[in-house]
Amino acid sequence: MESRFPAMLVLWLGREFYRDHKQAHHCQAPPRPLRQGIVKLLYKRALERILVYAAPAWWTGSALQRVKATSIQRQVLLALSGAFRTTSTKALQVCCGVEPIDLVLDMEVAWYSIKNHQENVSLFGTLFEGSKMEHCTHKWHHPGHLTPVHWDGQQPDAPLSIYTDESKLDGRVGAPFLVYHHNLVEEHQYRLSDHCSVFQAETVALQREIVWKRQNAPNEDCHIFSGSMSALMSLQNHLIKNSQVQSTRQLFDASISLH
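In terms of the numbering used here, the sequence shown opens at residue 101 and continues consecutively.
Right, here's the structure in full:
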């Protein structure tokens, strides 16, 4: 009896533990599945960032790498979605609303090449010209040295006034401006690439206006009227590091007033 006592005690404890655990499980509320939005956010912000970590250093886009990366993504999507293991990878990607990981890796490498090396990259059938992409400059400007903007809406009577009228219509971008100089009117028009924004057109128009002013009326006071509040506010913000904005600031002098 003494030799059988430990074995019987273990068996009894096991039965009691199983009964208590089963009773506690019935008392608990069933686990609530995560909402689709939360699952996608968890994947995009955490899991996908782990999968593509330092991709420019190791991703070459070979067939073996694509198969391995897709296999890892499949395991993650199975755990997140709770789908059967027989579910296809493409179905998991569609149900979870995520992109194929190999395409995400291609995009990460392409973006790194464009941003850091200004290389021309062909991605998904589109050629991105890295040499023409805007870049940030880290030159700091003292706020007191910035040309102020007059927000009063008044139009002073001056011999030299320039008006900008940037536009983007039917997929085409233009940067025209109109010059009133001693009762004479001059119109100038410049064509930008179709992918440019209205903000870029406004900064280009401001640069062309100041260049015209320096060449034709360097000693006269000039009032420039812009219809783009975003461009004027960016010129007033010393934290903006956009290269176009920085180049425009360097052209201003004391004879120019912004409205």
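Beta carbons are placed, not taken as given, at the ideal position from N, Cα and C, and that holds for glycine. Just so we're clear, the structure is a prediction, and the values are computed from it rather than from any experiment.
- By the criterion of at least three beta-carbon pairs nearer than 8 Å, the region 194-206 is in contact with the region 136-155.
- DSSP lists 273 as the bridge partner or partners of residue 268.
- About 5 Å separates the Cβ atoms of residue 249 and residue 332, confirming a contact at the 8 Å cut-off.
- For residue 299, the enclosing alpha helix (DSSP H) has its first and last residue at 298-316.
- Spanning the alpha carbons of residue 303 and residue 231 requires a straight line of approximately 19 Å.
- Between residue 259 and residue 353, the C-beta spacing is not below 9 Å.
- The secondary-structure analysis by DSSP pairs residue 226 across a beta bridge with 223.
- Take the alpha-carbon of residue 275 and the one of residue 342: they are about 18 Å apart.
- At a Cβ-Cβ threshold of 9 Å, residue 326 and residue 351 do not count as neighbours.
- In this structure, the CA atom of residue 340 is about 33 Å from the CA atom of residue 199.
- Taking 9 Å as the cut-off, the Cβ atoms of residue 334 and residue 345 count as close.
- Going by beta carbons, residue 324 and residue 267 fall outside the 9 Å limit.
- In terms of Cα proximity to residue 217, the closest of 156, 308, 279, 330 is 156.
- Residue range 284-288 is occupied by the beta strand (DSSP E) that includes residue 288, with no alpha helix (DSSP H) assigned at that position.
- Under a 10 Å Cβ-count criterion, residue 308 is classified as buried, with 16 or more other Cβ atoms of the shown protein chains found around its own Cβ.
- Here residue 195 is actually not in contact with residue 140; their C-beta atoms are around 11 Å apart, not less than 8 Å.
- Contact between residue 301 and residue 273 holds: CB atoms are separated by about 5 Å, below the 8 Å threshold.
- With 16 or more other CB atoms across the displayed protein chains lying within 10 angstroms of its CB, residue 277 is buried.
- In the three-state reduction of the DSSP assignment, residue 279 falls in the strand class, which pools E and B.
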